[in-house]
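Following the working numbering, the residues of the sequence shown are numbered contiguously, the last one being 977. Below is one structure, written out as structure tokens; comments come after it.
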Amino acid sequence: MDASSPGVILPCGWGRLIFAHTFIEPEKVAETLLNEQPGQRDIAYYIVDPHLVLNHAPQSLFLDPSNSYRLQFADYVPSTRERSGFVIEPVQSREDVEEANRIYATLNMVSLDVDYVMQHRDGEKLHYAVARHEGNGSILGVVMGVDHVANFDDLENGCSLWSLAVDPQAEFPGIGECLVRYIVEYFRDRGRAQLDLSVMHNNSNAIRLYEKLNFHKVAIFAVKCRNRINEKLFIGSPPHQGYNPYATIIIDEAMRRGIHVDPLDPKRGYFRLSLGGRVITCRESLSELTSAVAMSRCDDKEVTRLLFEQHDVAVPAQRLAGTPEENRAFLEEQGSLVIKPIRGEQGKGVFVDVRTPEGVEQCVAAAREQDERVLLEQYVEGDDLRIIVINYEVVAAAIRKPPEICGTGQHTVKSLIESLSRRRSAATGGESRIPQDSETERSVQEAGYAMDSVLPQGEILRVRKTANLHTGGTIHDVTDDLHPELAAAAVRAAQALEIPVVGLDFIVKSAKDPNGYIAIEGNERPGLANHEPQPTAQKFIDLLFPQTVQSGNAPAKQAEEVPS
414 MDASSPGVIL
424 PCGWGRLIFA
434 HTFIEPEKVA
444 ETLLNEQPGQ
454 RDIAYYIVDP
464 HLVLNHAPQS
474 LFLDPSNSYR
484 LQFADYVPST
494 RERSGFVIEP
504 VQSREDVEEA
514 NRIYATLNMV
524 SLDVDYVMQH
534 RDGEKLHYAV
544 ARHEGNGSIL
554 GVVMGVDHVA
564 NFDDLENGCS
574 LWSLAVDPQA
584 EFPGIGECLV
594 RYIVEYFRDR
604 GRAQLDLSVM
614 HNNSNAIRLY
624 EKLNFHKVAI
634 FAVKCRNRIN
644 EKLFIGSPPH
654 QGYNPYATII
664 IDEAMRRGIH
674 VDPLDPKRGY
684 FRLSLGGRVI
694 TCRESLSELT
704 SAVAMSRCDD
714 KEVTRLLFEQ
724 HDVAVPAQRL
734 AGTPEENRAF
744 LEEQGSLVIK
754 PIRGEQGKGV
764 FVDVRTPEGV
774 EQCVAAAREQ
784 DERVLLEQYV
794 EGDDLRIIVI
804 NYEVVAAAIR
814 KPPEICGTGQ
824 HTVKSLIESL
834 SRRRSAATGG
844 ESRIPQDSET
854 ERSVQEAGYA
864 MDSVLPQGEI
874 LRVRKTANLH
884 TGGTIHDVTD
894 DLHPELAAAA
904 VRAAQALEIP
914 VVGLDFIVKS
924 AKDPNGYIAI
934 EGNERPGLAN
944 HEPQPTAQKF
954 IDLLFPQTVQ
964 SGNAPAKQAE
974 EVPS
């Protein structure tokens with residue numbers, strides 16, 4: 414390569430891949446990186462002299478704390494396991510790219526330029542593929558491969574893998590492995606000899622996968638720009654460690670605005686925020702702005718229901734558990750019941766769709782382990798809708814779904830639940846796990862299986878009837894689809910409770926259909942992190958520190974007037 418060669422740069426839709434070893438001078442690599450566009454993430458890979466590149470702009474660039482792995486295709490062993498429930502295929506449509514962006518946003522990764530991907534998806538230089546649900550067609554994962562020969566006539570006849578992402582709520586195991594194998598086999602069939610990838614040094618799950626596929630660590634380095642996207646990679650350990658995702662999202666937003674954070678009790682989620690003369694103590698999304706009265710109203714589900722009813726918010730039939738005879742009479746009247754303690758959280762002691770007198774008494778006894786007073790409630794079939802209201806505006810809405818497993822024809826129900834539980838835990842920082850308790854066993858048995866049954870390949874089994882995130886449920890954003898009448902009902906419910914921040918639980922036919930909805934309860938400490946990328950943390954800090962409101966914050970969804 415002669416000295417006049419500018420070096421090879423590949424736009425990828427999320428930023429540029431800069432092949433640093435095709436540049437003659439290290440400072441040219443640095444200069445190229447410094448031309449990164451806002452909202453993009455450029456990566457200079459195959460850095461020959463990283464110290465010289467960094468020396469050119471030490472305040473603006475950093476050495477990426479990732480490891481590189483290489484697979485020689487001669488060492489690759491194809492899988493003999495049959496894939497079930499999803500297919501891997503090239504990107505087909507704009508909707509595919511938009512769904513991939515939903516996954517990237519969930520994982521705080523940079524979104525793709527939809528037009529760019531659609532324009533270049535059939536080119537020789539890069540290749541985007543997705544994992545598609547065979548049943549409903551939804552996108553479960555995405556990956557990009559780059560052909561080095563097509564880009565710069567690579568003497569090593571190589572290629573590379575980038576931007577691998579799997580929906581953390583996907584019910585099928587092995588999606589990430591199948592996406593990696595697809596890219597490997599795609600480029601192997603094109604005659605390439607090896608594939609490289611970069612992975613964060615502490616991503617132990619991904620590293621185990623790559624090593625299982627015979628990837629080996631190689632001394633390849635990457636340099637990136639210091640920007641907000643890469644912030645966590647170059648600032649080191651945050652000053653306030655030990656918080657769960659629900660507190661962390663708020664702390665990060667506060668620090669971003671220059672608000673001082675005083676860690677009080679990371680284990681329990683307490684911290685103090687201060688700016689100027691304003692000081693507010695929080696426990697995750699519960700702050701001093703929520704009164705003790707409002708909190709007690711949420712805590713007592715019987716009181717919550719009464720207030721909802723008084724403010725024209727539809728509620729289910731309900732009564733306190735009494736004698737077995739009284740309970741049987743209410744069951745006969747309703748046909749199916751939800752049983753839950755008056756006081757409780759995170760789905761503990763909650764039993765859904767109980768249909769027999771014996772089952773009612775067993776569930777009442779179990780619920781009384783959480784609270785002596787237990788409610789019997791009319792069971793209404795439908796979607797579990799969580800609406801976040803902050804400062805009496807709807808900020809986010811999501812459908813919550815109970816955990817489901819997919820059979821492989823080889824693994825027991827118990828082992829599939831354990832596997833899904835590990836994935837849910839990893840995706841939520843340990844906040845979501847599927848308990849293998851009497852409620853899980855009841856759900857499995859009602860479906861005709863035992864915990865040691867081998868679930869047939871492709872069979873979908875719902876292993877709990879509650880959709881609580883802490884017991885393995887998944888959450889699916891529907892903010893843009895929320896019907897104005899449901900938004901208005903949520904605002905009325907928040908006003909009834911007189912609470913500035915609340916997560917309201919509804920049962921609905923769908924987020925677009927308000928007919929026949931019922932409101933179940935209010936949560937005074939909703940998990941704002943569950944609703945990213947909706948601006949829940951931003952709106953929370955707006956409420957606490959209105960002097961820091963930024964004009965770029967996304968608007969909250971207003972509750973519209975709906976004809977009665």
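Note that the Cβ used here is the ideal one computed from N, Cα and C, for glycine as well. Everything numeric in this text was worked out from a predicted model, so none of it was measured.
When only Cα atoms are considered, ILE633 and LEU423 end up about 18 Å apart. Between ILE552 and VAL559, the C-beta gap is not smaller than 8 Å, which leaves the two residues out of contact. Taking a contact as a CB-CB distance under 8 Å, the pair THR853 and ILE818 does not count as one, their CB atoms being some 11 Å apart. Secondary structure of ASP918 (DSSP, three-state): strand. The Cβ-Cβ distance between PHE721 and LEU789 does not fall below 8 Å. Within the segment 870-913, complete alpha helix (DSSP H) segments of at least 4 residues are found at 897-910, given in chain order. CA-CA distance, SER704 to GLN960, rounds to 22 Å. The C-beta separation of ILE931 from VAL793 comes to about 5 Å, placing the pair in contact by the 8 Å criterion. Secondary structure note for GLN607: its beta strand (DSSP E) is the uninterrupted segment 607-613. For VAL826 against LEU868, the beta-carbon gap comes to about 5 Å, under 8 Å, which counts as contact. Around ARG681, the same chain offers ARG696 as residues with beta carbons nearer than 8 Å, after the five sequence neighbours per side are excluded.
A straight-line Cα-Cα distance of about 34 Å links GLY885 and ASN640.
With a cutoff of 8 Å on beta-carbon distance, SER473 and LEU447 are scored as near each other.
Apart from the 5 residues on each side of it in sequence, VAL716 sits with its Cβ closer than 6 Å to the Cβ of ARG710 in its chain, given in chain order. LEU733 sits exposed, since fewer than 16 C-beta atoms from the chains shown fall within 10 Å of its C-beta.
Residues of the same chain with a CB within less than 6 Å of the CB of LEU688, apart from the 5 flanking positions on each side, are ILE672 and PHE958 in chain order. Assignment of GLN532 by DSSP, reduced to helix, strand and coil, places it in the helix class.
Beyond the five residues adjoining it in sequence on each side, ALA809 comes within less than 6 Å, by CB distance, of ILE801, THR892, HIS944, GLN947 and THR949 in the same chain, given in chain order. HIS434: not part of any beta strand (DSSP E); DSSP gives it neither H nor E. For the pair PRO439 and LEU465, the Cα-to-Cα distance works out to about 6 Å. A residue is called buried when at least 16 other Cβ atoms come within 10 angstroms of its Cβ; ALA780 meets this threshold and is buried.
Every unbroken stretch of the alpha helix (DSSP H) spanning 4 or more residues and falling wholly within the segment 510-560 is given here in chain order: 527-533. Only residues of its own chain outside the window of five on either side were considered, and among them ILE920, VAL921 and LYS922 have a CB closer than 6 Å to the CB of GLY795, listed in chain order. Per DSSP, ALA457 lies in no alpha helix (DSSP H); the unbroken beta strand (DSSP E) holding it starts and ends at 456-458.
With a cutoff of 8 Å on beta-carbon distance, ASP580 and GLY426 are scored as not near each other. In the DSSP assignment, the residues bridged to SER573 are VAL559 and ASP609. Under the Cβ criterion (8 Å, minimum of three pairs), the segment 564-573 does not count as touching the segment 615-635. When DSSP states are grouped into helix, strand and coil, GLY589 belongs to the helix group. If you ignore the 5 residues before and after ALA924, its C-beta comes within less than 8 Å of the C-beta of ASP796, LEU798, ALA810, ILE812, VAL891, ASP894, LEU895, HIS896 and LEU899, all in its own chain and listed in chain order. In summary, PRO419 is exposed, with fewer than 16 beta-carbon neighbours lying within 10 Å of its beta-carbon over all protein chains present. With contact defined as three or more Cβ pairs closer than 8 Å, the segment 494-501 and the segment 602-622 are not in contact. The three-state reading of DSSP puts ARG601 in helix, counting H, G and I together. Using a Cβ distance threshold of 8 Å, TYR458 and LEU476 do not count as a contacting pair.
For LEU720, the enclosing alpha helix (DSSP H) has its first and last residue at 714-723. Check the Cα spacing between ASN615 and each of ARG515, VAL556, MET668 and SER479: the tightest is with SER479.
Collapsing the DSSP output to three states places ASP462 in coil.
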